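In the numbering used here, the protein residues as written are 37 to 171.
Heads up, the beta-carbon is just placed ideally off N, CA and C, and yes, glycines get one too.
For clarity, every value in this text was computed on a predicted model and none was experimentally measured.
Structure record follows, encoded as structure tokens.
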């Protein structure tokens, strides 16, 4: 008859109840260590993703000409900005579909985003064209 893992298997087996308890605690301690390490890895990955990403694009303000600009994404789908020449335009999405645009020295204003052409997204007269990083 074969002994179950929780029973004393006989000579040369599990040994004392203390040794048997140690073998049961070991997997639990390894699991606890894994739970401590994995969140650290996840947090490290999140920190890597949280770094701002600069994306070269073409931008247009109002009816002005298209010119080179850079979109910096601080938090994908939540916070980004456009640097168009000397002008910096900040955007924030609140998660409910509302996007605010903030220009230096001006009040924040609610804007509506809409696609006007392939790879071209505008927010009330501020347009960006190119490989736009979405969410």
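First and last residue of the beta strand (DSSP E) that includes residue i?
| i | result |
| --- | --- |
| residue 151 | 149-153 |
| residue 110 | 103-111 |
| residue 170 | Counting along the chain, residue 170 falls outside any beta strand (DSSP E), and DSSP gives it neither H nor E. |
| residue 132 | Here residue 132 belongs to no beta strand (DSSP E), and DSSP marks it neither H nor E. |
| residue 119 | 115-120 |
| residue 92 | 89-97 |
| residue 164 | 162-165 |
For residue i and residue j, I'd like the C-alpha separation in whole angstroms.
| i | j | result |
| --- | --- | --- |
| residue 154 | residue 141 | 32 Å |
| residue 82 | residue 133 | For residue 82, the predicted model reports a pLDDT of 37, less than 50, meaning its position is unreliable; a value from the coordinates is still stated below. If you take the alpha carbons of residue 82 and residue 133, they lie about 24 Å apart. |
| residue 100 | residue 131 | 30 Å |
| residue 127 | residue 120 | 14 Å |
| residue 97 | residue 163 | 6 Å |
| residue 93 | residue 105 | 5 Å |
| residue 135 | residue 161 | 14 Å |
| residue 168 | residue 148 | 17 Å |
Is it buried or exposed, residue i, if we count other Cβ atoms within 10 angstroms and call 16 or more buried?
| i | result |
| --- | --- |
| residue 170 | exposed |
| residue 151 | exposed |
| residue 109 | buried |
Name the DSSP beta bridge partners of residue i, please?
| i | result |
| --- | --- |
| residue 124 | 119 |
Please determine, among the options, the residue with the shortest C-alpha to C-alpha distance to residue i.
| i | options | result |
| --- | --- | --- |
| residue 88 | 117, 149 and 161 | 117 |
| residue 124 | 102, 103, 138 and 158 | 138 |
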